[in-house]
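Below is one structure, written out as structure tokens, with a few remarks after it.
Number of protein chains: 4
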Amino acid sequence: MDTIRVAVTGAGGRMGREVVKMVLQDEQLTLAAAVSPSAGPVDAGTLVGLQACGVTVTPDLETALANAQADVLVDFTVPHAVYDITKTAIEHGVRPVIGTTGFTPEQIEELDKLCQSQGIGGLIAPNFSIGAILMMKFAAQASKYMPHVEIIEYHGDQKLDAPSGTSIKTAELISEVRQELRQGNPKEKETIEGARGGHYDGFRIHSVRLPGIFAQQEVIFGGYGQTLKIRHDSYERAGYMPGVNVAVKKVMTYTGLIYGFEHVMD
Amino acid sequence: MDTIRVAVTGAGGRMGREVVKMVLQDEQLTLAAAVSPSAGPVDAGTLVGLQACGVTVTPDLETALANAQADVLVDFTVPHAVYDITKTAIEHGVRPVIGTTGFTPEQIEELDKLCQSQGIGGLIAPNFSIGAILMMKFAAQASKYMPHVEIIEYHGDQKLDAPSGTSIKTAELISEVRQELRQGNPKEKETIEGARGGHYDGFRIHSVRLPGIFAQQEVIFGGYGQTLKIRHDSYERAGYMPGVNVAVKKVMTYTGLIYGFEHVMD
Amino acid sequence: MDTIRVAVTGAGGRMGREVVKMVLQDEQLTLAAAVSPSAGPVDAGTLVGLQACGVTVTPDLETALANAQADVLVDFTVPHAVYDITKTAIEHGVRPVIGTTGFTPEQIEELDKLCQSQGIGGLIAPNFSIGAILMMKFAAQASKYMPHVEIIEYHGDQKLDAPSGTSIKTAELISEVRQELRQGNPKEKETIEGARGGHYDGFRIHSVRLPGIFAQQEVIFGGYGQTLKIRHDSYERAGYMPGVNVAVKKVMTYTGLIYGFEHVMD
Amino acid sequence: MDTIRVAVTGAGGRMGREVVKMVLQDEQLTLAAAVSPSAGPVDAGTLVGLQACGVTVTPDLETALANAQADVLVDFTVPHAVYDITKTAIEHGVRPVIGTTGFTPEQIEELDKLCQSQGIGGLIAPNFSIGAILMMKFAAQASKYMPHVEIIEYHGDQKLDAPSGTSIKTAELISEVRQELRQGNPKEKETIEGARGGHYDGFRIHSVRLPGIFAQQEVIFGGYGQTLKIRHDSYERAGYMPGVNVAVKKVMTYTGLIYGFEHVMD
Numbered sequence: 000m001d002t003i004r005v006a007v008t009g010a011g012g013r014m015g016r017e018v019v020k021m022v023l024q025d026e027q028l029t030l031a032a033a034v035s036p037s038a039g040p041v042d043a044g045t046l047v048g049l050q051a052c053g054v055t056v057t058p059d060l061e062t063a064l065a066n067a068q069a070d071v072l073v074d075f076t077v078p079h080a081v082y083d084i085t086k087t088a089i090e091h092g093v094r095p096v097i098g099t100t101g102f103t104p105e106q107i108e109e110l111d112k113l114c115q116s117q118g119i120g121g122l123i124a125p126n127f128s129i130g131a132i133l134m135m136k137f138a139a140q141a142s143k144y145m146p147h148v149e150i151i152e153y154h155g156d157q158k159l160d161a162p163s164g165t166s167i168k169t170a171e172l173i174s175e176v177r178q179e180l181r182q183g184n185p186k187e188k189e190t191i192e193g194a195r196g197g198h199y200d201g202f203r204i205h206s207v208r209l210p211g212i213f214a215q216q217e218v219i220f221g222g223y224g225q226t227l228k229i230r231h232d233s234y235e236r237a238g239y240m241p242g243v244n245v246a247v248k249k250v251m252t253y254t255g256l257i258y259g260f261e262h263v264m265d
Numbered sequence: 000m001d002t003i004r005v006a007v008t009g010a011g012g013r014m015g016r017e018v019v020k021m022v023l024q025d026e027q028l029t030l031a032a033a034v035s036p037s038a039g040p041v042d043a044g045t046l047v048g049l050q051a052c053g054v055t056v057t058p059d060l061e062t063a064l065a066n067a068q069a070d071v072l073v074d075f076t077v078p079h080a081v082y083d084i085t086k087t088a089i090e091h092g093v094r095p096v097i098g099t100t101g102f103t104p105e106q107i108e109e110l111d112k113l114c115q116s117q118g119i120g121g122l123i124a125p126n127f128s129i130g131a132i133l134m135m136k137f138a139a140q141a142s143k144y145m146p147h148v149e150i151i152e153y154h155g156d157q158k159l160d161a162p163s164g165t166s167i168k169t170a171e172l173i174s175e176v177r178q179e180l181r182q183g184n185p186k187e188k189e190t191i192e193g194a195r196g197g198h199y200d201g202f203r204i205h206s207v208r209l210p211g212i213f214a215q216q217e218v219i220f221g222g223y224g225q226t227l228k229i230r231h232d233s234y235e236r237a238g239y240m241p242g243v244n245v246a247v248k249k250v251m252t253y254t255g256l257i258y259g260f261e262h263v264m265d
Numbered sequence: 000m001d002t003i004r005v006a007v008t009g010a011g012g013r014m015g016r017e018v019v020k021m022v023l024q025d026e027q028l029t030l031a032a033a034v035s036p037s038a039g040p041v042d043a044g045t046l047v048g049l050q051a052c053g054v055t056v057t058p059d060l061e062t063a064l065a066n067a068q069a070d071v072l073v074d075f076t077v078p079h080a081v082y083d084i085t086k087t088a089i090e091h092g093v094r095p096v097i098g099t100t101g102f103t104p105e106q107i108e109e110l111d112k113l114c115q116s117q118g119i120g121g122l123i124a125p126n127f128s129i130g131a132i133l134m135m136k137f138a139a140q141a142s143k144y145m146p147h148v149e150i151i152e153y154h155g156d157q158k159l160d161a162p163s164g165t166s167i168k169t170a171e172l173i174s175e176v177r178q179e180l181r182q183g184n185p186k187e188k189e190t191i192e193g194a195r196g197g198h199y200d201g202f203r204i205h206s207v208r209l210p211g212i213f214a215q216q217e218v219i220f221g222g223y224g225q226t227l228k229i230r231h232d233s234y235e236r237a238g239y240m241p242g243v244n245v246a247v248k249k250v251m252t253y254t255g256l257i258y259g260f261e262h263v264m265d
Numbered sequence: 000m001d002t003i004r005v006a007v008t009g010a011g012g013r014m015g016r017e018v019v020k021m022v023l024q025d026e027q028l029t030l031a032a033a034v035s036p037s038a039g040p041v042d043a044g045t046l047v048g049l050q051a052c053g054v055t056v057t058p059d060l061e062t063a064l065a066n067a068q069a070d071v072l073v074d075f076t077v078p079h080a081v082y083d084i085t086k087t088a089i090e091h092g093v094r095p096v097i098g099t100t101g102f103t104p105e106q107i108e109e110l111d112k113l114c115q116s117q118g119i120g121g122l123i124a125p126n127f128s129i130g131a132i133l134m135m136k137f138a139a140q141a142s143k144y145m146p147h148v149e150i151i152e153y154h155g156d157q158k159l160d161a162p163s164g165t166s167i168k169t170a171e172l173i174s175e176v177r178q179e180l181r182q183g184n185p186k187e188k189e190t191i192e193g194a195r196g197g198h199y200d201g202f203r204i205h206s207v208r209l210p211g212i213f214a215q216q217e218v219i220f221g222g223y224g225q226t227l228k229i230r231h232d233s234y235e236r237a238g239y240m241p242g243v244n245v246a247v248k249k250v251m252t253y254t255g256l257i258y259g260f261e262h263v264m265d
């Protein structure tokens with residue numbers, strides 16, 4: 000069987016290095032290209048602490064895609080660049096597997112059409128963690144029975160955006176099934192502005208930022224004399240890799256852009 | 000519409016008092032009898048801090064059932080007495096709603112047959128809390144994807160049995176769907192006996208007993224770089240009452256003994 | 000020994016009823032008066048589900064204080080009324096034990112002078128719980144070593160003010176010892192306003208409001224590869240009563256107004 | 000200023016590699032030797048993913064110590080070997096900094112005498128994490144006021160011993176100050192053996208083992224209507240390194256063997 004040829008952007012970043020490692024360690028995958036504006040030129044294997052693999056890290060995505068005959072591009076870079084990267088990949092017939100948030104609905108729709116016209120698959124997912132996806136699914140289910148809910152998400156103190164992509168995705172899923180309800184006392188008063196968190200469709204999202212934390216989220220439901228909590232703690236970047244590995248293989252099997260890793264789970 | 004006539008055993012106990020209150024405060028229910036070996040004779044309403052209701056607490060269950068024309072008996076008393084109480088109720092044509100654990104599978108089967116032959120319904124449930132039932136359901140679902148699991152349950156320090164009925168029920172539900180797996184290091188060694196908790200079908204249950212806690216349970220799943228936690232905290236006896244209220248009404252609508260409140264939820 | 004004569008305001012409220020119960024159940028205390036604008040006239044003992052005690056609930060504080068020869072007044076009523084109540088008590092030579100927040104520093108200073116001039120003690124405390132006070136003490140200590148901190152507090156969904164008095168008190172204690180530090184990424188951006196919580200001296204406070212919760216608080220410290228959490232869960236109003244009982248006796252032994260229950264602990 | 004020369008045992012293990020990295024990245028430290036029975040011969044820098052450093056990993060401790068002119072030996076290897084390693088180091092005049100548990104009190108006393116006679120310092124500590132040490136300190140303090148306590152510790156599923164060294168150390172510190180008290184209902188009955196955990200001086204320790212967890216511990220105190228929880232989560236081996244770095248420098252400044260990192264903190 001032919002291996003799947005994978006290009007990786009942001010190969011010098013922390014998440015990108017994990018992706019390069021994962022690709023190099025799976026016999027069913029081949030590293031086709033490693034792109035990083037500043038990390039190279041250096042062998043991509045050496046860069047991530049493995050043996051040299053013969054692929055040199057290159058600064059330019061266009062050139063890499065033109066030469067690499069990649070099947071899939073994996074990108075976990077920053078939000079502001081990701082739309083262009085995704086579009087470029089699709090135009091080269093390379094299936095995007097994107098782990099960055101920050102797309103507008105219009106952008107997703109446009110990229111889906113582009114995938115359709117190229118006859119290839121694509122995946123954008125704010126979260127590749129099976130545990131996180133179960134958390135979101137259970138949270139949505141619970142909100143049918145216990146509509147009083149708040150979300151608290153915890154990330155490292157250098158994270159730029161608040162609330163997190165996962166918490167917004169969770170809130171969306173809850174909103175689809177939860178009865179309309181504006182929680183809290185209508186006369187509630189914040190003596191310190193912002194204390195009650197961000198407002199999303201009648202309930203609240205709170206973002207905690209502290210060093211030492213990678214990615215955690217708790218969804219809390221309150222009812223008569225009780226609370227129900229669903230919590231996912233992600234301890235390290237490598238925790239996403241089993242999901243990314245599945246995604247790289249799945250994206251070869253369908254046409255069009257899928258948003259959300261849960262939709263490619265069996 | 001006729002009201003449902005409800006008899007309550009253990010009416011002088013803490014849970015029994017909550018049941019008496021709940022019955023007296025619902026217009027669709029009538030208190031038919033309140034049984035307690037030691038609390039009476041006193042008006043049952045006065046006993047629970049409400050207005051006198053004309054029903055005197057009585058020490059003898061048989062007499063009460065013979066005279067009360069009860070439709071339903073609610074019992075939250077201690078395990079050792081509950082089998083006899085349940086059987087007595089059914090023999091008098093009174094539908095049992097039982098919140099005590101400690102039945103053997105054989106006893107449940109026998110009581111089911113008895114209900115069938117009397118043409119009445121019955122319900123035995125270790126937990127009447129909607130949040131607890133969601134916790135159990137989600138725990139079972141998660142164990143399909145994340146088979147490494149442990150249960151920690153927390154109750155007041157005067158609780159007699161460990162582990163709790165709810166934790167055993169949760170473990171049963173998990174075992175039905177989880178792949179067979181003996182967790183932990185095979186060479187694991189307890190330097191203090193019992194530290195690793197109780198063993199259930201390849202995984203562990205831990206029972207914490209502390210004053211100030213009513214009833215809490217956390218089911219923890221561990222996987223590659225992540226944990227998923229599903230936790231239910233029950234803060235007071237009254238938290239069961241919405242569920243008991245539903246059960247009293249539901250038990251009028253079917254024939255046979257049902258085990259588990261989740262099976263009478265819509 | 001003479002008993003301490005205790006007047007209770009808000010006797011018809013949920014906290015006030017617990018105070019009345021506590022006073023009636025302690026032989027060293029005598030209920031001198033029970034004030035409630037709307038609950039009476041009814042015997043205060045009957046009101047709280049105990050035996051009649053001979054004290055009728057009365058609507059007017061001035062009249063009650065004029066006649067009751069009270070030593071101590073206990074008040075857990077709403078913030079907007081409490082300043083006047085406290086001042087009135089002191090003017091009648093009655094020692095205030097106040098469990099409501101919402102005083103300004105100027106008001107506390109003024110009430111202290113009034114206590115001094117009357118030669119009596121007084122206590123204002125946002126929290127009478129030993130566990131909560133330990134939480135605050137430990138949080139302050141930890142912030143010396145781990146200056147990256149956030150506070151999350153949880154209360155019932157009908158609470159009016161956010162953040163809670165306890166969380167602000169905790170933040171004050173932390174600020175006194177924590178090195179100056181503006182946490183988080185300077186370029187951080189809230190895509191939903193308020194998500195990052197309320198700002199207090201460089202760190203954040205988050206307020207969760209859900210039914211079923213009484214009063215909980217977690218202080219989280221983040222550092223290199225680790226987090227430290229100090230959490231206090233208060234499950235019921237009665238949990239304050241051991242502390243209130245201590246306070247009523249302590250306030251007899253000193254002169255001047257003390258702010259914070261921790262300062263009257265041994 | 001001369002640098003401190005550090006030898007590392009178990010250099011091929013996961014913790015040992017972190018120590019080698021930490022030493023190579025601190026200008027005040029010099030890697031004197033890296034010992035591993037199976038990882039070499041390879042340059043120690045290359046082994047840990049850094050640049051070659053000129054020190055080749057060697058299998059024999061005696062030879063390494065004879066030639067390396069080390070000031071300090073850092074060891075995080077398995078319990079059964081650590082006593083001999085520590086003794087050997089001291090006999091060579093090399094200060095041991097040991098992160099492994101499993102010493103008997105007699106062994107510690109003997110090693111202390113050996114350090115004294117050599118005129119050098121030494122440190123044995125089950126935990127080098129500042130957060131963990133604060134947790135233990137606070138837990139001991141809280142147990143004075145809230146004597147009802149249980150400990151739950153969480154580690155990876157391949158950990159051999161239960162309960163953890165940190166939890167036993169915590170239990171010791173609690174026992175020194177907590178009033179004697181046998182917790183729980185005297186008639187308590189385990190329906191599944193071990194459910195109530197391991198018994199330590201009247202209270203319980205529970206050990207959870209799951210993949211994805213590195214090292215976590217929660218100490219829970221229960222009292223009238225409340226719980227207090229002190230929790231430390233350690234997410235990665237590297238989280239110990241700031242403490243190990245401090246220890247390596249501190250051990251140069253005193254004579255005799257100290258047990259517990261808290262005793263070398265300022």
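Residue numbers (numbering that gives the first Met the number 0), protein chains in the order written: chain G, 0 to 265; chain C, 0 to 265; chain V, 0 to 265; chain W, 0 to 265.
Just so it is clear, CB atoms sit at the ideal spot from N, CA and C, and this is done for glycine as well.
By the neighbour-count definition (other C-beta atoms within 10 Å, threshold 16), M251(G) is an exposed residue. Taking a 10 Å sphere around the C-beta of L180(C), we find fewer than 16 other C-beta atoms and assign the residue as exposed.
Your pair G101(V) and P78(V) checks out as a contact, with CB atoms roughly 3 Å apart and the cut at 8 Å.
For P104(G), the enclosing alpha helix (DSSP H) has its first and last residue at 104 to 117.
Put simply, of P185(V), E108(V), T226(V), T85(V) the residue whose alpha carbon is nearest the alpha carbon of K158(G) is P185(V).
In terms of Cα proximity to I150(C), the closest of I119(C), D156(C), K143(C), A170(C) is A170(C). CA-CA distance, K168(V) to P125(V), rounds to 8 Å. Residue pairing by DSSP places G121(G) opposite L256(G) in a beta bridge.
Judged by their CB atoms, E61(V) and G224(W) are not nearer to each other than the 8 Å cut-off. In the pairwise beta carbon analysis, the segment 190 to 205 of chain W is classified as touching the segment 191 to 209 of chain C: at least three pairs are separated by under 8 Å.
Residues of chain V whose Cβ lies closer than 7 Å to the Cβ of Y253(W) do not exist; the shortest such Cβ separation is about 21 Å.
Under the Cβ criterion of 8 Å, D25(C) is not counted among the residues facing chain G. Beta-bridge pairing by DSSP links D232(V) to Q215(V), T226(W).
Contacts between F213(G) and chain W, judged by CB atoms closer than 8 Å, involve Y234 in chain order. Within its own chain, the residues whose Cβ lies closer than 7 Å to the Cβ of I123(W), once the five positions on either side in sequence are excluded, are I97, F102, I107, L256, Y258, listed in chain order.
Close to P162(V), with beta-carbon spacing below 9 Å, are these residues of chain G in chain order: E189, T190, I191, A194, R195. Taking 4 residues as the shortest admissible run, the segment 11 to 38 of chain G contains the following complete alpha helix (DSSP H) segments, listed from N- to C-terminal end: 13 to 23.
With respect to the 8 Å criterion, V47(W) and R16(W) are classified as neighbours on the basis of their beta carbons. Secondary structure at F137(G): helix, using DSSP grouped into helix, strand and coil. For A10(C) and E175(W), the gap between their C-alpha atoms comes out near 44 Å. Here H262(C) is exposed. Its C-beta has fewer than 16 other C-beta atoms within 10 Å.
Remark: C-beta atoms of I3(C) and T226(W) do not approach each other more closely than 8 Å. Under the 10 Å beta carbon count, P58(C) is surrounded by fewer than 16 other beta carbons and is classified as exposed. Burial is judged here by how many other beta carbons sit within 10 angstroms of a residue's own beta carbon; P104(G) has fewer than 16 and is exposed.
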